[in-house]
Amino acid sequence: MTQLLYILAFVVMAIGLWGILSRRHLIRMIIGFSILDTGIHILLVAIGYRKGGTAPILDEALSKGEALMNAVDPVPSALVLTAIVIGLAVTALMLSFAVRMVQNNPTMNADEHKELKW
Amino acid sequence: MLTSILTKALYTLISFFVILNYSLLLLGTMARVRAKVQGRIGQPVWQPYIDIIKNNARRSGVTHGIMFYLGPVFRLAGGLGTYFFIPVIFGSKIFANFSFSGDVLLVMYFIFFGQLGMALGAGESGHPYSPIGVARGLAQMTAFELPFSLAVIAVAAQYGSFSITEIVAAQQGGWQNWVAFTNPFAMAAGMLAFLGMSMNNPFSIVIAPQEIPIGPPTEMHSSFLGMLQTNRAIFNGAKMVLFMNLFFGGAAHPNIFIALGIMIMKTFLIYLYVVFVGVSFPRFRTEQSIRFFLGVPTLLGLIAVIQQMI
Amino acid sequence: MLKRILLIVSMVLLALILLPLLEGLGEQTHVSSLAEYYLSSGADDLNSPNLVTSVVVTYRGLDTLGEVTVLFAAAAGIMLAFKGLKMDEKEREKTQGPSELLASGASLLFPILFIFGIYIFTHGHLSPGGGFQGGVVIASAALLLLLSGVIPGVSHLMTSLLEALAGASYVAIGLLGLYLAAGFLDPRFLPRGEWSGIFSAGAIPVIYSLVGIKVGSELSAVLNAMISKGGEK
Amino acid sequence: MVTPIVIIAAALAMAFLLPVLEKAGKGLIKTLSLLVLAGFFAASLSWVAQILQTGAIISQTAGFKAPVSINLSVSMMEATGLAVIYLVALLSGAFQIFVKKAVWQGKELSLYFALILGLSGLVMTRDLFNLFVFMEITSISLYGLLVSGRDERRFEGGFKYMIAGGLSSAFYLIGVAFLYRETGQLNLDIIVAQSGQANLYLPLLLLTIGILIELKPFPANGWALDVYESADPGTGAVISAMNTTALILVFMKLMPLLQAFGSGIVYAALIIAGLTFFLANLAGIRQTSGRRMLGYSSLAQTGLILFVLLSPSAGLSEERGLSIIASMLRLDTIEVIALALLINHALAKSALFWLTEFLKKDALHKSSEEGDYRGNRGWLIPAGMAVLALTALPPFPGFWAKWAVITSFGAAGNIGGIAVILIGSLLEVYYLFRWFIRTQAHGEDGGDVIAPQVPEDFAPEAAPAPAGLTIKPAWQIFAPALSIIILTSLGLAWAFLSLSGGQELLLLPLAALALYALFDLIALPFAVKNILAMAGLGGYAYLIYGELNNMTLIFGAVFIAGSLVQLFLLFNKRDKRSGLLPFLVMMILSLGNLLVFKSSLGFFFSWEMMTVSSFFLVIRGRQASRASLRYIMFSLAGAFMIMYALADGFRGPLTGLVFAIGLLIKMGAIGFHIWLPGAYAEAEDEVSTFLSSVLSKAGLFILFITAGIYGQTFFPGAGNAFLASIDINAILGWIGVITALAGAMMALFQEDIKYTLAYSSMGQIGYMILAFSIQSHLGWVTALYLAVTHLLFKGLLFMAIAGVIMRTGTRLMYQMGGLIKKMPISFISVLLAIIALSGVPPLTGFGGKWLLYSSLMEKGWYLHAGLAMFSSGVAFLYLFRLIHTIFLGQPKTGMFENIKEAPIWGLIPQAIFMMVIMGFSMFPSLLIKPLQAAVEMVYPAAAEGVAWQGSTVLSSLGYWNGSAVMYVTMGVFLIPLAWLMIVNGRIQKVKQFNIVFAAERPYKPETTHYAYNFFSHYQKALGFLVEVRAERFWTMIRKSTDALGGLVRRIYSGNAQTYAFHIIIFVILFHLLAGGTF
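Residue numbers (my numbering), protein chains in the order written: chain P, 23 to 140; chain V, 29 to 338; chain B, 887 to 1119; chain R, 5 to 1082.
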């Protein structure tokens, strides 16, 4: 089960990376980044998972004593939370930069945004 | 002290007197020889004397400036100095001159002294032909200087000395000891260089610009010219004596007069060789003569030097 | 084409390099040594049932503070990028106004969403959710209003003031932790409260609320900037 | 006491509050920002003090101890690094606030504080995931700051940056995830402590790659260049200085982890860092955009610092200053070196970035277009100093750090490391100096060889063209100025520590520079300054006199006394001439210090100081841009070779050879000579004489002392390398004689008088090299004799010519003529000089020739002797041309009619030199005997049969009596003169153009002066010998380096996707280098 999750994470990351590297459309590249991020988030979650584990929130279903035995690792969950927000911030910023780029040079093709080189 | 200085002065005068007269006569003779070759009668043998006296007697004269005035002085000083630094007759006190001041290197570099002064004097005259001639002459000079210096180096290396006296001393005891025979390549290189040094055909392009107006550098006249002519004789003599010393065993005999005779004979032959070549060949352009000197003569010089190195 | 092949080759190589990572990744039965501490002592330390929140807000509070900063910086960057950018008149004409249905729906949904958002961040220490999630819900409420055209724009002054104050308070609480409790961002300078109560777990709910306010106002401002193509006219 | 966490909180509070506080008043937030920034800097300094007492400062958060919570730790390295970051942050903030006040508002400042927060966190945190968060804060606030620029392309650049940043954080995050999975921990210290862990190679690989990409490694650094080019200079400074510093500190933090678990990764990073340094510098030489060029330089410097950090043998140096600093700060030597390099780069590079803000244009295509900032010293001085610092020249910290690194490598036998650093640095020198030179080039400077000037523009000393930029008000320059001042003081401090063990004297040139710069600043009259300079030199001579021995005394006389006499020349001009004396005095003192240094570092320091000061003298020339670039390139290439040899400790003959080549380059030997004519000729006329007559002897002096006398003490094995391997001397000999010939030949065909003299100097140096290489008593006496006499006659020539150029306003000989009547004293001094130079008896020159040939013949180098004679004949040609075309022949009517003799102050030093020449000519023993005493220590005279007999000197081959020659010459000169005066009583003076006795009478004097292309026949015959081969060779080297650089930079296609692809390639490459397989 977890292995499937790992493989999924890697496949999603690969798709994202492929999108970044091969799509010429600026927005699609950015989407590629989002996909890559998502893959990493899946990976993090997978790493925190333990067989048969439950959410590390203490309530009726999970008492303080059981937490150590049954709860999943709370650390990756926390990390994922942070990573998601950061990913969001970067994506938003990228999109706004893309908008400004297209305004200067009205094409969405990344190949044609090459004023700076060498 | 005083007596020794006076004796030396006397000796110097004698030496000077001998070389002056001998050289002037030699010039006259050679002019005649050249004329004969060309089918002319030619000038009298004493014509150089007449020229000098006439020029010195001229009353009109102009000067273009101090350097112009000093140019001929430099020139004559150069000729005299060159001569005085060479021992003319081996073993003779009278004709040893001032050879104790320095060795063959001194002589080689003192040759420039007069030429530089002359060039400067002529330069101040402001006539364009003068620097043209000087440029050519200097250019040619550097070229023949190379085989000549190689020859000198070979000789010096051969005898382990720069001292002319010692070089001559080492050549005593028969003609087979002469450099000409012990070191023929050096002699050949030196003698070819000598052709350039004496500015006869085919290396006379140097004086070409002067031929149109008058003798030595263009603007010189009257006593200036006379002085230059005097120098020409002495300088010629000095050079021939140097070559005689370097390559042909010098002049040595217990009897001073016989020794002088030997000297006269040897230098006469050396000069005759120059004239002989001169009348046989047409004139080179400057760059041609440069290439010539840097060709075969230099090669000969190199062979001579390399011989010594091995 | 060559480029494409090169891409594929390099991707394959990269995959080959990373493949060993997948090996030996079996099912885990144990959590990490770090997690063991959180799971065993976290609840007692902070009196917060949601251990993830404990980790996020307290143990790794510096991360969260950073996270807030990231969002803040991104928002500032976006607003700078759109600053002074005017929409073309033509373009403006082309945009259709929102439909009646959307407008009414948005007006109806907004208060519910807004309150839901507040609920999420105030209960972050008790149940799944927290400041970010709540903030995002609030921002989506604002987005709904903006899209539907119910309000022409979100007041910049308001958002920036809210944002600044929330942020500064967050820092202030962190410093309070430093001076009143054991360390920076230590929430225990406020009473532990009773287990599972809304005012429990020290300053955690306060922090989460501030984060919620901050994220909500920040994202609203960003959306506003993007929609009106010019945060400050 | 401010703890690290408070800094974080304060920065954060500032970031959050500034946009709101802005409403309350712009002045308020600006003041507040500056205060807080200053506070940060103060705090970091207080940490340094605290750490010295209590050790690392650790801040726990959340009331729990690590690893449960995140902790921040500041040890000495971090504290000092943060001090650098905060210092630049303060300066940069002030710069932006005051200079760019229109752009920098609350939002920007707020982002700026977010950035500082991110950087601080990066440096302080010990948690790997927290590190990621701070990395993102840094990046995102930087993206935001990029927006505030002016360049239209900044969004494109920013987008590329984001692509790279996104990928790097992706890799980093995956790495952290797996690291957590493997170790169950995120805290760095805990992970390191858990040694014996399972295979952490791949997680660490990804982690390292994540950090490295942010450090812009080759080939994954195209994006960085685009960012540097399009960003505002201020932002560029931030990225280059602050970001890099923080990331390097992060990398240092990770080092224990990498070393514990992945030595392959360290190795790969080392290789990549070296590659980055080298290739970035290679590609940098093709840049026309100043900012992009600075970007390349930043990449290179980052690479260098990493390279040094990762090299196992870079910290072996036991240099005094380094050890003191290390023990003072309780750091490892390698850390001190890295710190010094970081400070050096951060301050200098940010200063340069700020300075480009003031340039009108970023592009540097043709110098004439945008150059000419030379009017603006406020810009030039910091820019020049920053370039010096970046190229690791003294006294900046980079110099000391680099010395430590190179000597460490040398001690460890790491020749590859030395080669990478030195060659890369040389490339960097090339483009940085080119940039600097072009920005300051004179408006008339075409950057090419001088074009013949038409006679119409004879106007003496045109007014400087209006400056291309004005910095108004002038205080705007404060940020770069301050950062340079701080950098300089740090460098000086190190210099003081290094040299305090008895070599304090070596610091004098710097003191002199400062002092005379101060005099310039308070606008002291030039005459006063000059008198002070002379007095100073006199005092210096007195100071070092006691330390000199027979050998150094001679060079001391050349360096100090020779300069002292020539300083008279400077009284000539009445204008301020600011900048001249500071560098001149500095150069002379540096030369003097070459005589008294006591360690190889002391030597190299003085050597580089000499190079630097002379460079600034050369660059003052009006058309010296090309010449000065060549000068600095060749000088530093030579210096680097010397550095290598010193570092290697002269272990083998090869090192000796490299050392000798380094000196030969400096002496302008054949093949390396192409810098020489330009430098000597294009410098100001008064300066040329110092360069040619004094400075040119430095290399010779070092040849002497390394070849045995003092070698054993200072350079262990140096003497052996030289003396034992005869081959080096044979090579030197041939190089010397060919240099002599080539110099003479090339001097022959110059129309420009200063070029003639410059080539002549080259030829003369050739003789000295030849004589030195003979390695005998007579040979060394010859070399010294030539050195001393060359000082005299070349100084004479250059000084006389300076007067002529000053009066005529031209340097082209054919435009002159007939000046003998106008400038008789100058003529006499030239005459004397050329007689002395050509070696015609009776003046001193002949002594040199006689000694030379005698020693050559003794050595058995007959062919050398022949060639030497030939070249002395050739020398005769150009000397005659020199004196003829200037002083003789026909003067041009109208043009030079009102010319006067050179000013008296020009004639006084000439008169002194003339008297000295005459004295030495009359009594050669006055000169030769001290020289013999100097040589005696190594080569006793008796062993070679060199002896004196009265005033006759005897060699085993010949003899020479200088006094006798003098008397005879005077005799044969005076007697004919008297005769002539008697005979020629009624001589008449005529005007110059009255050429009466020639057949043809030309019309115009202008066309009658035979001067142009004087030796055309010679050129026809032998011109092929002096075709521009060396020039062509070096041009080819330059062009092929250019082409290589062009090739390298081609990979930076500008396409964001390609850059992403580069990152993937980089990962694969890195994996392979780390020894990984698929």
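The beta carbon of each residue, even a glycine, is placed where N, CA and C say it ideally should be. None of the values given here were measured: they were computed from a predicted structure.
What does residue i reach in chain P if we use C-beta pairs closer than 7 Å?
i	result
B:PHE1018	LEU103 and VAL107
B:ASN933	Ordered by position in chain P, no residue passes the 7 Å Cβ test against B:ASN933, which lies about 10 Å from the chain.
Suppose contacts are defined by Cβ-Cβ distances below 8 Å. Is residue i in contact with residue j by that definition?
i	j	result
R:ALA673	R:THR760	no
R:SER317	R:ASN418	yes
P:ALA89	B:LEU920	no
B:GLY1053	R:PHE20	yes
R:GLY226	R:TYR1056	yes
V:ALA217	V:VAL207	no
R:LEU522	R:LEU593	no
P:ILE49	P:ALA114	no
P:ALA36	B:ALA901	yes
B:GLY1063	B:PHE1070	yes
Rounded to whole angstroms, what is the Cα-Cα separation between residue i and residue j?
i	j	result
R:LEU343	R:PHE1074	26 Å
R:ASN1017	R:GLY1027	12 Å
R:SER77	R:GLY148	28 Å
R:TYR1130	R:ALA17	Residue 1130 of chain R lies beyond the stretch modelled for chain R, which goes from 5 to 1082, so this question has no answer here.
B:LEU888	P:HIS47	19 Å
R:MET803	R:LEU788	22 Å
R:LEU95	R:ALA355	9 Å
B:SER1095	B:LEU1105	15 Å
R:GLY266	R:LEU206	9 Å
B:ALA1050	B:GLU953	15 Å
V:GLN200	V:LEU48	27 Å
What residues of chain V sit near residue i, judged by a beta carbon separation below 7 Å?
i	result
R:SER842	PHE140
For the alpha helix (DSSP H) containing residue i, name the first residue and the last one.
i	result
R:LEU343	337–360
V:LEU34	30–65
R:TRP404	401–416
At 7 Å on the CB atoms, spell out the chain R contacts of residue i, in chain order.
i	result
V:ASN84	VAL987
B:LEU966	LYS111, GLY148, VAL151 and SER152
Which residues mark the beginning and the end of the beta strand (DSSP E) in which residue i is found?
i	result
R:TYR963	963–965
R:LEU76	75–78
R:ALA951	951–953
R:LEU958	956–958
Counting only Cβ pairs nearer than 7 Å, list the residues of chain B close to residue i.
i	result
R:GLU140	VAL956
P:LEU90	GLU922, LEU925 and SER926
In chain P, which residues lie with their C-beta within 9 Å of the C-beta of residue i?
i	result
R:SER1057	LYS136, LYS139 and TRP140
Is residue i close to chain D? Criterion is C-beta to C-beta, closer than 8 Å.
i	result
B:ARG946	As a matter of chain content, chain D is missing from the structure shown, whose protein chains are P, V, B and R.
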